[in-house]
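Protein chains in written order, with this note's numbering: chain A, 4 to 140; chain B, 4 to 140. By construction, the Cβ of each residue, glycine as well, lies at the ideal position given by its N, Cα and C atoms.
Number of protein chains: 2
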Amino acid sequence: MDLSTQIREKGLKATPSRLNVIQVLGSNHLAYAHAELEALFSDMDRVTLYRVLNDFEEAGLVHKIIDVDGVTRFALCKHSCPGAHHADEHVHFNCRGCHKMFCLENVPAPNVKIPLGFKVSGVQTLIYGYCKSCSAA
Amino acid sequence: MDLSTQIREKGLKATPSRLNVIQVLGSNHLAYAHAELEALFSDMDRVTLYRVLNDFEEAGLVHKIIDVDGVTRFALCKHSCPGAHHADEHVHFNCRGCHKMFCLENVPAPNVKIPLGFKVSGVQTLIYGYCKSCSAA
DNA sequence: AATGTAAATGCAATAAAGTTGCGTTTGCGC
DNA sequence: GCGCAAACGCAACTTTATTGCATTTACATT
Ligand SMILES: [Mn+2]
Ligand SMILES: [Mn+2]
Ligand SMILES: [Zn+2]
Ligand SMILES: [Zn+2]
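1. So, is the C-beta of Tyr133 of chain B closer than 7 Å to a C-beta in chain A?
2. Under 7 Å, Cβ to Cβ, is there at least one residue of chain A near Thr8 of chain B?
3. How would you list, in chain order, the residues of chain A whose beta-carbon sits under 7 Å from the beta-carbon of Lys122 of chain B?
4. Mind checking His82 of chain A: buried by the 16 CB within 10 Å criterion, or exposed?
5. Checking contacts by CB at 7 Å: is Val126 of chain A closer than that to chain B?
6. Touching or not, the segment 73-81 of chain A and the segment 21-38 of chain A, by the rule of three or more beta carbon pairs under 8 Å?
7. Under 6 Å: does the beta carbon of Cys106 of chain B sit that close to some heavy atom of ligand 2?
8. How long is the line joining the alpha carbons of Val65 of chain B and Cys80 of chain B, rounded to whole angstroms?
9. Alpha carbon to alpha carbon, how far is Ala140 of chain A from Gln26 of chain B?
10. What's the C-alpha gap between Asn114 of chain B and Met104 of chain B?
11. Determine the DSSP secondary structure at Ser124 of chain B, reduced to helix, strand or coil.
12. Please check the pair Ala112 of chain A and Val123 of chain A, which I expect to be a contact at CB under 8 Å, by giving their CB distance rounded to whole angstroms.
13. So, under 8 Å CB-CB, Val24 of chain A and Val55 of chain A are touching, yes? Tell me the CB distance rounded to an integer number of Å.
14. When the Cα of Gly29 of chain A is compared with those of A:Ser138, A:Gln9 and A:Cys134, which residue comes out closest?
15. Mind listing which residues of the segment 56-73 of chain A have their C-beta closer than 8 Å to chain B's C-betas, in chain order?
16. Quick check on Thr18 of chain A: does DSSP put it in helix, strand or coil?
17. Would you identify the three-state DSSP class for Phe44 of chain B, choosing helix, strand or coil?
18. Work out the CA separation of Met47 of chain A and Leu6 of chain A for me, nearest whole Å.
19. What residue from B:Lys116, B:Glu41, B:Glu12 and B:Lys13 has the CA that sits closest to Ser20 of chain B's CA?
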């Protein structure tokens with residue numbers, strides 16, 4: 004199924020801005036920061052980019068994660084998530100060299116035993132260190 | 004050992020601002036946001052508060068964590084960490100009701116098996132859900 | 001106890017990140 | 001093609017964090 008259809012299926016219009024963004028996000032398993040996408044699409048207004056990302060997240064097309072430096076990042080949901088409820092529980096890896104954020108789709112979040120009284124909704128596992136290219140250098 | 008001494012042992016001066024902050028952080032196992040502390044010490048300049056927290060973190064007196072909403076929070080290191088290298092690998096719980104962030108000092112971070120090529124420095128495990136008081140209500 | 005000095009503070013300015021309002025444009029169902 | 005809700009662009013504003021600099025203060029030394 005092509006990108007335009009994927010967007011329309013979520014009740015959103017397939018605009019050029021949206022197509023550009025979703026194409027980049029789909030090109031790998033990385034989570035992108037607003038600033039990075041802004042640099043990539045210099046002709047797109049920054050507010051539009053904020054709105055595209057928010058709309059995508061609410062539609063369940065992308066998920067939001069905050070990296071070790073507190074930077075908000077967005078990555079494509081591989082299995083489409085129903086609405087804003089992201090069943091996305093995989094592990095993320097944040098490189099301290101290049102600052103790339105990798106979605107490790109195949110690594111499930113470990114489940115953790117926590118004290119009584121706490122009601123768990125979900126777990127975020129964020130691993131940091133150095134990616135392959137950065138450990139080589 | 005008293006708070007002033009603890010601060011001085013890290014090569015910092017035991018000022019009133021610092022004593023106030025460290026006293027609050029030591030009063031429980033919660034991680035505080037800048038805004039919360041600012042409200043608590045209305046007479047302290049906000050820049051001073053930023054600097055107090057940064058200095059404490061670099062000294063290894065507190066550790067920084069980012070909550071599920073991207074808000075930066077600080078909590079006292081129970082076992083003093085050597086310099087800025089925080090050996091602090093416990094799990095944190097973030098309540099979606101009251102937004103409190105609990106340091107679960109006794110819950111060690113699970114270790115996760117990740118793909119080859121990645122060099123792991125550390126793991127951040129952030130659990131979110133509802134705390135005892137918030138699940139009751 | 002007084003003094004010297006590096007460290008810490010307060011204030012103003014600046015920067016970065018995100019939000020809101022509103023008039024104009026455009027995707028797309030008809 | 002037409003109509004209209006949705007999306008966009010631009011300006012203004014807010015929140016969070018950083019930087020520079022003059023003044024004050026903790027504390028080691030006399
Ligand atoms: Mn992901
Ligand atoms: Mn903690
Ligand atoms: Zn890297
Ligand atoms: Zn709560």
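The structure says:
1. With 7 Å as the cut-off, Tyr133 of chain B counts as an interface residue toward chain A.
2. No, Thr8 of chain B does not count as interfacial toward chain A.
3. Around Lys122 of chain B, the beta-carbon contacts reaching into chain A at under 7 Å are Gly132, Tyr133 and Ser138.
4. Label assigned to His82 of chain A: exposed.
5. By this cut-off, Val126 of chain A is an interface position.
6. In the pairwise beta carbon analysis, the segment 73-81 of chain A is classified as touching the segment 21-38 of chain A: at least three pairs are separated by under 8 Å.
7. For ligand 2, at least one heavy atom lies less than 6 Å from the Cβ of Cys106 of chain B.
8. Distance from the CA of Val65 of chain B to the CA of Cys80 of chain B, rounded to the nearest whole angstrom, comes to 5 Å.
9. The alpha-carbon atoms of Ala140 of chain A and Gln26 of chain B are separated by roughly 44 Å.
10. Taking the CA atoms as reference points, Asn114 of chain B sits about 22 Å from Met104 of chain B.
11. When DSSP states are grouped into helix, strand and coil, Ser124 of chain B belongs to the strand group.
12. Rounded to the nearest angstrom, the Cβ distance from Ala112 of chain A to Val123 of chain A is 11 Å, too far for a contact under 8 Å.
13. Sure, about 5 Å apart at Cβ, within 8 Å.
14. Closest option to Gly29 of chain A, Cα to Cα, is A:Gln9.
15. Here the close residues are Ile69, Val71 and Gly73.
16. The three-state reading of DSSP puts Thr18 of chain A in coil, since its state is none of H, G, I, E or B.
17. Coil, per DSSP.
18. For the pair Leu6 of chain A and Met47 of chain A, the Cα-to-Cα distance works out to about 19 Å.
19. With distances taken between Cα atoms, Ser20 of chain B lies closest to B:Glu41.
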